[in-house]
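In the numbering used here, the protein residues as written are 1016 to 1144.
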């Protein structure tokens, strides 16, 4: 199998499918595709497993094509890890607790101390989890 043919038969992933659908959207907004053509080609792009299946969707269209190097592949934003989510939750809790302390001191003045004890207990035990 030669290299040119091998590249067409390689499996593709979600980034390549998303790029193909983005480019089909550009062709649609330029008026090169009708609504039903755009819809059908997007369905085929979403179901494509090989590069040759995606390339076939662009055979009758001018550039840009998915294999064009000038068109960047959409980047995926990484999801925060479980540790980062846990730390973020604690930061939110700490900010809320600080806001409650300020609110209680400003509004309740002499009643602030008895109200702060349960709030501090909640914060203490939630940070231990």
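Backbone N, C-alpha and C fix where the C-beta goes; we use that ideal spot for every residue, glycine too.
Handout entry: Contact check, residue 1047 vs residue 1076, beta carbons under 9 Å
Key = Here residue 1047 refers to the residue found at position 32 when the chain shown is read from its first residue. Here residue 1076 refers to the residue found at position 61 when the chain shown is read from its first residue. Taking 9 Å as the Cβ cut-off, residue 1047 and residue 1076 qualify as a contacting pair.
Problem - Cβ neighbour criterion (16 or more within 10 Å) applied to residue 1078 - result: Reading the chain shown from its first residue, position 63 is the one you call residue 1078. It is exposed - the Cβ of residue 1078 has fewer than 16 other Cβ atoms within 10 Å.
Exercise for the section: Apply the 10 Å Cβ neighbour rule to residue 1051 and answer buried if 16 or more other Cβ atoms are within range, or exposed otherwise. Expected result: Position 36 of the chain shown, counted from the start, is the residue given in the question as residue 1051. Burial call: exposed.
Practice task
Pick helix, strand or coil for residue 1073, following the three-state DSSP scheme.
Solution key: As a first step, residue 1073 is located in the chain shown; it is residue number 58 there, counting from the start. Note: residue 1073 maps to coil in three-state DSSP.
Exercise for the section: Look at the alpha carbon of residue 1069 and the alpha carbon of residue 1044, and state the distance between them as a whole number of angstroms. Expected result: To locate residue 1069, count along the chain shown from 1; it is residue 54. To locate residue 1044, count along the chain shown from 1; it is residue 29. About 19 Å.
Handout entry: Same chain, Cβ closer than 6 Å to residue 1025, neighbours up to 5 away in sequence not counted
Key = If you number the chain shown from 1, residue 1025 lands on position 10. Excluding sequence neighbours, residue 1025 sits near 1066.
Handout entry: C-alpha distance - residue 1039 paired with residue 1049, whole-angstrom precision
Key = Along the chain shown, one-based indexing puts residue 1039 at 24. Along the chain shown, one-based indexing puts residue 1049 at 34. Between residue 1039 and residue 1049, the C-alpha separation is close to 11 Å.
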